[in-house]
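Below: one structure, written as structure tokens.
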Amino acid sequence: MNKVFHLRVAITPKCNYNCVVCDHEGMLGIPKEMPLEDLVHLINLFVEELGISRIKLTGGEPLCSPDIVPLIRAIKSNPAVTDLSLTTNGSLLAGKAAELKNAGLDRLNVSIWSLDPIIYKKITNSDALPQVLRGLEIIHKVGFKQVKLNYTILRNYNLKEFWDILALTQKFGFILQLIELHKVEGINPVIQYTQEHISVMEVEKIFEHLIETTHHRETMQNRRVYDLKGGGRIETVVSGPDACAHCTKIRLTADGQIKPCLMRNDENVDMLSMLNIGASDYELKRVIRRVAQNRKPYYNFKAGEGSKHAVEN
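Count the sequence shown with the numbering used here and you get residues 690 to 1002, in order.
Structure below.
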């Protein structure tokens, strides 16, 4: 399996939305949250043992955590961490953007489900679209290194808004990240997946006449990236054998479990319990190393087929 370059940290299960297709970062139930000190300690062990330099903070909604700013400061106090990003629904950004930037946050991913308030509420169960759009204006002024708008394509909800959402990203100089809806067994509803899934390849046909150059991010699941004529960039996120084979991620859940694969929970290891019973840093690092080395592709690709196997996204 590929070397691990990226750590995704779900810092809280709390969220002020209730999106109809949420994968909950593959977490079952409602996990507890770690104390800030323990969370920072475990993150630093991942950095030291695996040489990780890129960390993404997720949730839940990470901006619902009262510890988000001190957490960012603590992570960026480690000089080995050169890239710290955060994924958010954007509803709380306007009041926190400057503080996040000053604490050391480098990049942002903001989910943009729709620009129509009615459709937005149908997907998210929230009326916060105006706050999200205000937040985009603020983060543009604050000046993060990079901002991506996460646009998860839903056939019957927001596909028709492609051009409007692309125009929004170009207005601010952001990157549009086209995300193909994926299914996590036992988490997001199968009925939503079967009704709403549309392949990124199908959506690409809509804008293929605008493509100027194409390249792949090999250390990010071999994602295709399109630079557009006249400016703008689109990055695609899909699940499947190729993306799985190029995965370089490992996850730490809000309750302190190492999660080697988004799609599974049967190989998680409870690091917080080990920490609480007095495990040494040496012992914790050995577990981190073992889990990282034992990652296996979730999709088993045989000749001409991409059937599900048994581990890793």
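Cβ coordinates follow ideal geometry from the N, Cα and C atoms, glycine included. The structure presented is a predicted model; accordingly, all values stated were derived computationally and were not measured.
Notebook entry, point to check: Thr-761 to Leu-789, Cα distance in whole Å?
Noted result: As a working mapping, residue 761 is identified with position 72 in the sequence shown. As a working mapping, residue 789 is identified with position 100 in the sequence shown. Contrary to the premise, residue 761 reads as Ile rather than Thr in this sequence. For Ile-761 and Leu-789, the distance between alpha carbons rounds to 8 Å.
Check: Nearest-angstrom Cα distance between Glu-994 and Ser-928?
Finding: Position 305 of the sequence shown, counted from the start, is the residue given in the question as residue 994. Position 239 of the sequence shown, counted from the start, is the residue given in the question as residue 928. Reliability fails at Glu-994, whose pLDDT of 38 lies under 50, so the model's placement of it is uncertain and the value that follows must be treated cautiously. Rounded to the nearest angstrom, the two C-alpha atoms are 14 Å apart.
Next item on the list: Confirm, please, whether the CB-CB distance from Leu-964 to Gly-921 is below 9 Å.
Entry: Along the sequence shown, read from residue 1 onward, the residue named residue 921 stands at position 232. Along the sequence shown, read from residue 1 onward, the residue named residue 964 stands at position 275. In this structure, Leu-964 does not lie closer than 9 Å to Gly-921 by Cβ.
Notebook entry, point to check: Taking the alpha carbon of Cys-950 as the point to measure from, which residue in Ser-962, Leu-973 and Arg-984 has its own alpha carbon closest?
Noted result: The residue labelled residue 950 in the question sits at position 261 within the sequence shown. Selected option, being the one with the closest Cα: Arg-984.
Check: Is Cys-708 closer than 9 Å to Asn-814 when the C-beta atoms are compared?
Finding: One-based indexing of the sequence shown puts residue 814 at position 125. One-based indexing of the sequence shown puts residue 708 at position 19. In this structure, Asn-814 sits near Cys-708, with a CB-CB distance shorter than 9 Å.
Margin query: Tell me the DSSP secondary structure of Tyr-706 in three-state form.
Written below: For the purposes of this step, residue 706 is identified with residue 17 of the sequence shown, where counting begins at 1. Note: Tyr-706 maps to coil in three-state DSSP.
Margin query: Considering Cα atoms alone, identify which of Glu-826, Leu-941, Asp-816 and His-730 is closest to Pro-1028.
Written below: Since the first and last residues shown for the chain are 690 and 1002, residue 1028 lies out of range.
Next item on the list: Consult DSSP for Asn-778 and reduce its assignment to one of helix, strand or coil.
Entry: The residue you call residue 778 lines up with position 89 of the sequence shown. The answer is coil: DSSP assigns Asn-778 none of H, G, I, E or B.
Check: Who are Tyr-840's beta bridge partners in DSSP?
Finding: Here residue 840 refers to the residue found at position 151 of the sequence shown. Tyr-840 pairs with Leu-867.
Checklist line | Cβ shell of Glu-885 (< 7 Å), same chain only, five flanking positions each side left out | finding: Counted from its first residue, the sequence shown places residue 885 at position 196. Apart from sequence neighbours up to five positions away, the residues of its chain that approach Glu-885 with a beta-carbon distance below 7 Å are Val-710, Leu-843, Arg-844, Asn-845, Tyr-846 and Leu-870, ordered along the chain.
Next item on the list: Confirm, please, whether the CB-CB distance from Met-723 to Gly-945 is below 9 Å.
Entry: Position 256 of the sequence shown, counting from 1, holds the residue named residue 945. Position 34 of the sequence shown, counting from 1, holds the residue named residue 723. A contact, by the Cβ cut-off of 9 Å.
Margin query: Taking 7 Å as the limit between beta carbons, can you name the residues of its chain near His-829, skipping five residues before and five after?
Written below: Within the sequence shown, the letter at position 140 stands for residue 829. Cβ within range, chain order: Phe-861.
Item checked: Under the three-state DSSP convention, the category Thr-883 falls into -> Taking the first residue of the sequence shown as position 1, residue 883 is located at position 194. Of the three classes helix, strand and coil, the one that applies to Thr-883 here is helix, per DSSP.
Note to self: So, for Asp-853: in the same chain, excluding its five sequence neighbours on each side, which residues have a beta-carbon less than 6 Å away from its beta-carbon?
What the structure shows: By one-based count along the sequence shown, residue 853 stands at place 164. The answer, listed in chain order, is Leu-804.
Margin query: Going by the DSSP bridge assignment, what does Asn-798 pair with across the sheet?
Written below: As a first step, residue 798 must be located in the sequence shown, where it is residue number 109. According to DSSP, Asn-798 bridges with Thr-776 and Lys-837.
Note to self: Measuring straight from C-alpha to C-alpha, what distance separates Ala-999 and Arg-953?
What the structure shows: For this step, residue 999 is matched to residue 310 along the sequence shown. For this step, residue 953 is matched to residue 264 along the sequence shown. In this prediction, Ala-999 has a pLDDT of 29, which is less than 50 and means its spatial position is unreliable; what the coordinates show is noted afterwards. Rounded to whole angstroms, Ala-999 to Arg-953 spans 8 Å at the Cα level.
Check: Per DSSP, what kind of secondary structure is Ile-812 in: helix, strand or coil?
Finding: Taking the first residue of the sequence shown as 1, we reach residue 812 at position 123. Ile-812: helix per DSSP, three-state reduction.
Checklist line | Beta-carbon contacts of Leu-961 that lie in its chain and below 7 Å, excluding the five residues immediately before and after | finding: The residue labelled residue 961 in the question sits at position 272 within the sequence shown. Excluding sequence neighbours, Leu-961 sits near Met-723, Asp-727, Asp-944 and Gly-945.
Notebook entry, point to check: Is the CB-CB distance between Leu-746 and Val-698 below 9 Å?
Noted result: Within the sequence shown, residue 746 is the residue found at index 57, counting from 1. Within the sequence shown, residue 698 is the residue found at index 9, counting from 1. Result yes, Cβ atoms of Leu-746 and Val-698 sit closer than 9 Å.
Next item on the list: Take Thr-925 as the anchor and find which of Ala-769, Cys-936 and Glu-893 has the nearest alpha-carbon.
Entry: The residue given as residue 925 occupies position 236 in the sequence shown. Per the Cα distances, Glu-893.
Note to self: Taking DSSP's pairing of strands, which residues face His-829 in a bridge?
What the structure shows: As a position in the sequence shown, residue 829 is number 140, starting the count at 1. Partner(s): none; His-829 has no beta bridge.
Item checked: Spatial distance of Thr-841 from Lys-721 (CA atoms) -> The residue labelled residue 841 in the question sits at position 152 within the sequence shown. The residue labelled residue 721 in the question sits at position 32 within the sequence shown. For Thr-841 and Lys-721, the distance between alpha carbons rounds to 27 Å.
Note to self: Which of the three DSSP states is assigned to His-898 in this structure?
What the structure shows: Your numbering for residue 898 matches position 209 in the sequence shown. Note: His-898 maps to helix in three-state DSSP.
Notebook entry, point to check: With burial defined as no fewer than 16 other Cβ atoms inside 10 Å of the residue's Cβ, what is the status of Gly-784: buried or exposed?
Noted result: Taking the first residue of the sequence shown as position 1, residue 784 is located at position 95. Gly-784 should be labelled exposed.
Next item on the list: May I have the straight-line CA-CA distance separating Ala-817 from Ala-786, to the nearest angstrom?
Entry: Locating residue 817 in the sequence shown gives position 128, counting from the first residue. Locating residue 786 in the sequence shown gives position 97, counting from the first residue. For Ala-817 and Ala-786, the distance between alpha carbons rounds to 16 Å.
Check: Can you name the residues that DSSP bridges to Val-958?
Finding: Translated into positions along the sequence shown, residue 958 becomes position 269. Note: Val-958 sits in a beta bridge opposite Ile-947.
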